[in-house]
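First comes the structure, then the notes that go with it.
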Amino acid sequence: MKLMNPTLRWLPNWNLPAFALAGTTGYTTNGHTRQPSRRASRLRGRLLGRKRNRAITAIDIGTTKICVIIAEVNEGGSLSILGVGSSPSKGMRRGQVTDVDHTVSAIAEAFEIAHELARIAPSEIYVGIAGDHISGIDVEGMVEVTNPNVGIDERDCNGVVKRALGFSMPADMEVLHHVIREFLVNGNPGIENPIGLYGTRLEVRAHVITSSIAAANNLTRCVKRAGLKTSQIVLESLASSLAILSERERELGVVMVDIGGGTTDLAIFCQGTLQYTAEIALGGDAITQDVSTMLRCSPHDAENLKKKFGHANPLSIDGEEYIDLPSPLKGGRRVSYPRRELAEVIEARVEEIFEAVKKVVDRSGFRDQVYAGAVLTGGTSLLDGIEAVAERMLEYPTRIGMPQGLRGMAEVVSSPIYSTGVGLIQWAVHEGPGYQRQNWLIRKIKEVFVDIYG
Ligand SMILES: Nc1ncnc2c1ncn2[C@@H]1O[C@H](COP(=O)(O)OP(=O)(O)OP(=O)(O)O)[C@@H](O)[C@H]1O
Ligand SMILES: [Mg+2]
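Set out below in structure tokens:
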């Protein structure tokens, strides 16, 4: 008997949701309330006797872009991407809101674009969170089994998890997620699902992810001011890993590295379970700044040069190759610059990022359990040559991960830039409040009945 759907094993579904489900069917922008055309399609579906598919909105509030994805879960669980909207993010720094007005208008703009394409405005809204205020800790709990003669039941499991989560933490922090690593019955470890087992003592070992209450509130407030209501806040690295890692990689052990604009998010999985998470306050924007300083050009030009000519491995660039730099003066003469030197500037910063990643992996204690290597994602993983630097610095085989196996506007989101957004949708499918949990409970009750009464 399994504790949960195998794809969810690394993220059990206890104690959800942290945020109330949105009850709205419409949304407001610029003060106007819009009636989503979903109503019409729902009615049409009812008349035709069809069941309405579940629709979900994901909002990835990144340092460089705010992205909204609207998707529908088809029968059989596959995802159709119905709409994608993106807007430059100017009010975020290292995963935290620094300018509410900018963030609000960027969310509203991205949502508007996605909604125009999708023609529906799902009220289930999942928002990503990141930043160096996030931390992960290991906790343990123990309870006496209520009815040892009958066996361990759901209540015992909930009780022991609650006990483990009752650890003391700073008043300005809250538990964002918790991941059950294993249960122990009478001291026997490695138990995935203790329900129905006989024993007197039940213990649990879990990994808890905490976040700053203020950072989470700032996000939900911005979303609210954009006319939307947050259903749940989800750690971005967890979301990204859902979109890009295979079950086999999670089993073998893998380090997921999401290198965005302002932050690099890490998640380490071993034996199918999330073991460690960390955030590094450094990302691709630091590379752009270096290029801007080195070439004495505007951040905008530096960003374009980085994307067009950037490389993380100078030795693979011909020493005779020159690039044209834009002139700072209108009509001024263009200046040529050796592309290899640009790559040297970029390599130095990329090495610094992976040096920090390596330190985190070493500190985690899981270095020797990572047999599937590293998977890079996030916009900076698009940088040419970055895979080779990661392999050299981390000493792991490395690949670039991006969302796959989607329908609808799949080609638009098949980029490492959209890993978090697509992952938020996938989180909702597997872990969303009220859905999986109810199914899981019903399934468990049935299983226990079958076990006891045959
Ligand atoms: N082709 C490319 N080559 C190099 N870098 C790129 C490329 N495309 C995007 N980037 C970089 O990726 C970064 C943005 O990535 P992403 O969209 O994942 O970040 P974000 O989610 O907004 O930020 P964060 O996750 O840090 O909050 C920027 O620094 C951008 O310059
Ligand atoms: Mg991001």
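Here the sequence shown is numbered in my numbering, starting from 57 and rising by one per residue. C-beta atoms are modelled at their ideal positions from N, C-alpha and C, and glycine is treated no differently. Please read these numbers as outputs of a predicted model, since none were measured by experiment.
Give the C-beta separation of residue 453 and residue 300 to the nearest angstrom, bearing in mind that I take them to be a contact with Cβ-Cβ under 8 Å.
With a Cβ gap of about 15 Å, residue 453 and residue 300 do not count as contacting.
Identify every run of the beta strand (DSSP E) within the region 324-373, keeping only runs that are complete inside it and at least 3 residues long; order them along the chain.
329-336
List in chain order: all unbroken beta strand (DSSP E) runs of 3+ residues lying wholly within the region 406-450.
430-433
Going by DSSP, which residues form a beta bridge with residue 288?
182
Using 10 angstroms around the beta-carbon of residue 362, count the other beta-carbons present and answer buried if the total reaches 16, otherwise exposed.
buried
Exposed unless 16 or more other CB atoms sit within 10 angstroms - verdict on residue 364
exposed
Contact set for residue 359: own chain, Cβ-Cβ below 6 Å, skip 5 residues either direction:
344
Mapping the DSSP letters down to three states, classify residue 320 as helix, strand or coil.
strand
Check whether the Cβ atoms of residue 233 and residue 294 sit closer than 9 Å, and answer yes or no.
yes
For residue 260, which option in 235, 274 and 280 has the closest C-alpha, if you only look at C-alpha atoms?
Taking residue 260 as reference, the option from 235, 274 and 280 with the minimal CA-CA separation is 235.
Which stretch, first to last residue, makes up the beta strand (DSSP E) that contains residue 111?
The continuous beta strand (DSSP E) containing residue 111 extends over residues 110-117.
For the alpha helix (DSSP H) that residue 157 lies in, which residues bound it at each end?
156-174
Three-state secondary structure (DSSP) at residue 234?
strand
Is any heavy atom in ligand 1 found nearer than 8 Å to the beta carbon of residue 357?
For ligand 1, not one heavy atom lies less than 8 Å from the Cβ of residue 357.
Looking only at C-alpha atoms, which of 258, 334 and 114 sits nearest to residue 419?
334
Are the beta-carbon atoms belonging to residue 379 and residue 393 less than 9 Å from one another?
yes
Which one of 399, 357 and 440 has the shortest CA to CA distance from residue 377?
Considering only alpha carbons, the answer is 399.
Using three-state DSSP, classify residue 208 as helix, strand or coil.
coil
For residue 427, which residues of its own chain have a beta-carbon under 7 Å away from its beta-carbon, when the five flanking residues on both sides are left out?
308 and 309
Measuring only the C-alpha atoms, how far is residue 327 from residue 306?
Each residue's Cα considered, the two are about 6 Å apart.
Alpha carbon of residue 241 to alpha carbon of residue 421, nearest angstrom
25 Å
If we count the other Cβ atoms within 10 Å of its Cβ and call it buried at 16 or more, is residue 274 buried or exposed?
buried
Just to confirm the assignment, what range does the beta strand (DSSP E) spanning residue 263 have?
257-268
How long is the line joining the alpha carbons of residue 231 and residue 124, rounded to whole angstroms?
25 Å
Segment limits, alpha helix (DSSP H) that includes residue 306:
That run of the alpha helix (DSSP H) goes 303-308.
Among 292, 157, 144 and 161, which residue has its Cα nearest to the Cα of residue 483?
Minimum Cα distance to residue 483 is reached at 292.
So which of 383, 195 and 470 has the shortest CA-CA distance to residue 353?
Nearest option by C-alpha distance: 383.
Among residues of its own chain, excluding the 5 on either side of residue 250, which ones have a beta-carbon nearer than 7 Å to its beta-carbon?
208, 213, 239, 241 and 258
Between the region 169-176 and the region 133-151, do three or more beta carbon pairs fall short of 8 Å?
The answer is yes - the region 133-151 touches the region 169-176, with three or more Cβ pairs under 8 Å.
As a quick exercise: from 263, 132 and 297, pick the residue whose alpha carbon is nearest that of residue 223.
263
Quick check on the burial criterion: 16 or more other C-beta atoms within 10 angstroms. Buried or exposed for residue 106?
Reliability of the predicted coordinates at residue 106 is poor, the pLDDT of 47 falling under 50, and the value obtained from them is presented with this limitation in mind. It is exposed - the Cβ of residue 106 has fewer than 16 other Cβ atoms within 10 Å.
Would you list the residues sitting across from residue 123 in a DSSP beta bridge?
DSSP, once it has assigned bridges, lists 116 and 142 as partnering residue 123.
Which same chain residues end up closer than 6 Å to residue 331 when comparing Cβ atoms and leaving out the 5 residues on each side of it in sequence?
324 and 422
Buried or exposed by the 16-neighbour rule on C-beta atoms within 10 Å, applied to residue 178
buried
Closer than 6 Å by C-beta to residue 455: which residues in its own chain qualify, once you throw out the five before and the five after it? Chain order, please.
431
Assigned secondary structure, residue 470 (DSSP; H/G/I helix, E/B strand, else coil):
In the structure shown, the three-state DSSP call for residue 470 is coil.
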